[in-house]
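Asks: Numbering-wise (the numbering used here), the sequence shown opens with residue 294 and increments by one. Just so you know, even glycine gets a beta-carbon here, dropped at the ideal spot from N, CA and C.
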Amino acid sequence: MKSKLLLYVTPIIISVLCCEVLFLNINFRYKQPFQKNADIYFEEVEPSPSKKSDKNENALEEEGDKGLFQITRGLFSKISLISQVLSDIKDPTLPPDGKIEQSIDRLERVLLAQKIYLVVVVFFLLLCMSTIISIVFKAWFSIFLGRFIYISSAYIILWNILKGIIISFTSVWTGILVTTSYVIFYALNSIAMVKLDRFIHPDNHNFNALLRASNNEEDSHGERGYKPIVSTERILFHLFIIIFIGILIGNVLYIPLFSLQKNYSSEFGFLLLFMVINLSLFYIWNYYKIGQESGLSTFQNIISCFSFLQYRFIKNFVFIIVSTTGIIIFVVFLFTLLTLNTFFLKNYVNMIENTINL
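1) Compare the C-alpha of residue 454 against each of 471, 463, 364 and name the closest.
2) Residue range of the alpha helix (DSSP H) that residue 453 falls in?
3) Got a sec? Which residues, its chain only, sit under 8 Å from residue 489 by beta carbon, not counting five neighbours each side?
4) Could you check if residue 311 is buried or exposed, using at least 16 other CB atoms within 10 Å of its CB as the buried criterion?
5) Just confirm the distance between the C-beta atoms of residue 602 and residue 581, as a whole number of angstroms; I'd bet it's less than 8 Å.
6) Between 501, 363, 385, which lies nearest to residue 434 when the distance is taken from Cα to Cα?
7) What are the partner residues of residue 377, as DSSP defines its beta bridges?
8) If you draw a straight line from the alpha carbon of residue 605 to that of residue 303, how long is it in whole angstroms?
9) Can you give me the start and stop residues for the alpha helix (DSSP H) that residue 564 sits inside?
10) Could you tell me which residues DSSP puts in a beta bridge with residue 317?
11) Are the beta-carbon atoms belonging to residue 588 and residue 503 less than 8 Å from one another?
12) Can you tell me which residues form a DSSP beta bridge with residue 432?
13) For residue 596, which option in 314, 384, 424, 394 has the closest C-alpha, if you only look at C-alpha atoms?
14) Quick check for students: name the residue ranges of the beta strand (DSSP E) that lie wholly in the stretch 596-634, counting only runs of 3 or more.
15) Three-state secondary structure (DSSP) at residue 304?
16) Taking buried to mean at least 16 other C-beta atoms within 10 Å of its own C-beta, is residue 558 buried or exposed?
17) Cα separation between residue 331 and residue 431?
18) In terms of alpha-carbon separation, which member of 420, 375, 414 lies closest to residue 398?
19) Let me know the secondary structure DSSP gives residue 589 once reduced to three states.
20) Buried or exposed for residue 371, please, with buried defined as at least 16 other CB atoms from any protein chain shown within 10 angstroms of its CB.
21) Taking buried to mean at least 16 other C-beta atoms within 10 Å of its own C-beta, is residue 660 buried or exposed?
22) Which two residues bound the contiguous alpha helix (DSSP H) that contains residue 545?
23) For a test of the three-state rule: what should DSSP assign to residue 310, helix, strand or coil?
24) Considering only the beta carbon of each residue, do residue 410 and residue 450 sit closer than 8 Å?
25) For residue 360, does the three-state DSSP call read helix, strand or coil?
26) Nearest-angstrom Cα distance between residue 382 and residue 395?
27) State the Cα-Cα distance for the pair residue 458 and residue 477, rounded to the nearest angstrom.
28) Taking the beta carbon of residue 368 as the centre, do at least 16 other beta carbons fall within 10 Å, making it buried, or is it exposed?
29) Figure out for me which residue from 505, 447, 364, 525 has the closest Cα to the Cα of residue 487.
30) CA-CA distance, residue 540 and residue 551?
31) Taking the C-alpha atoms as reference points, what is the distance between residue 235 and residue 531?
32) Look at the alpha carbon of residue 380 and the alpha carbon of residue 598, and state the distance between them as a whole number of angstroms.
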């Protein structure tokens, strides 16, 4: 049992790091060769008059008094600050000459990037919690979630090890502390990834109903001698239904949603988030009705079904990425082969006179 606790180390530490990014940004202080964009956007720009007058005089003293850690704004606070700045700049009461369009566009891009980063961090935080829950309740998909967390965390840890090495060039002890901590973390993460299959035994897995439903959803029509009925009338009827539903969705839903997204982007974002949450709750309820375990409470079954939802999302996302990458590679290979073929026919066989470089 004690050895199994090693599986929880990586999800717990990554969860703490995600919470730190969301609420507080704690960094090791070291001398930077140049000022980052984040420092330009998020530093306090309204110091008191006394601080303004003494800024140049006390610069060296402040540099020497700085501690080992630096606490800056978290991701939520950064997004709130940028949104407030944008709302102030876009104030309709300002004169036209007082609005800076390029600065507004740049802040909007920064705000969009921060929101995307927020979604990724929150999803990764929930994924760490789902991994812990699936391991505790012995779900069969805990192995997949664990491997995904350990592999993803390995890249994060290696990046922080590289960052610690860079810090050591300007602050030796701080760099050694950062590098050593993440090297130990990387070793524990690697051991947990190697021994994941040993700690989780397939004989004691729960939620096997979800496993059977996931494996047999495509093969269920081929069982029991089922044969689909194909006729011209059914094909024409289905085609008519598809056209009618397409026109209905396009005029009733798509065009109003497009207008809403164009003119009221914030409201559209909240509506999209609301729809995603409702759809997720619908899936969780269905998973609960199909695969609930009698040995677990209702709450335990629900949070386990939430973990299964994240498992399905990651599995489908990985499949889409791999399929898209394969299609892109195949298309690029075909165009390259066609280009080489036309080049050979033009320059060596003289069968064609002109060609277009694809």
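Replies: Short version:
1) 471
2) That run of the alpha helix (DSSP H) goes 435-461.
3) 300, 436, 439, 440, 443
4) buried
5) At roughly 11 Å, the Cβ-Cβ gap does not stay under 8 Å, so residue 602 and residue 581 are not in contact.
6) Comparing Cα-Cα distances from residue 434 to each of 501, 363, 385, the minimum goes to 501.
7) Beta bridge pairing from DSSP links residue 377 with no other residue.
8) 21 Å
9) 558-584
10) 366
11) no
12) Beta-bridge partners of residue 432 (DSSP): 499.
13) Nearest C-alpha to residue 596 among 314, 384, 424, 394: 424.
14) The qualifying runs do not exist here; there are none.
15) helix
16) Flag for residue 558 reads exposed.
17) Interpretation of residue 331 is limited by its pLDDT of 48, a score under 50 that renders its predicted location unreliable; the figure taken from the coordinates is listed afterwards. Taking the straight line joining both Cα atoms gives about 42 Å.
18) 375
19) Three-state DSSP puts residue 589 in coil, outside helix and strand.
20) buried
21) Since the displayed the chain opens at 294 and closes at 651, residue 660 lies outside it and no answer follows.
22) Unbroken run through residue 545: none, as it is neither H nor E.
23) helix
24) no
25) Low local confidence applies: a pLDDT of 49 at residue 360 is under 50, so the model's placement there is unreliable, with the coordinate-based value given in what follows. Three-state DSSP puts residue 360 in coil, outside helix and strand.
26) Here the C-alpha atom of residue 382 lies approximately 12 Å from the C-alpha atom of residue 395.
27) 15 Å
28) It is buried - the Cβ of residue 368 has at least 16 other Cβ atoms within 10 Å.
29) Comparing Cα positions, the closest option is 447.
30) 15 Å
31) Residue 235 is absent from the structure shown; the chain starts at 294 and stops at 651.
32) 40 Å
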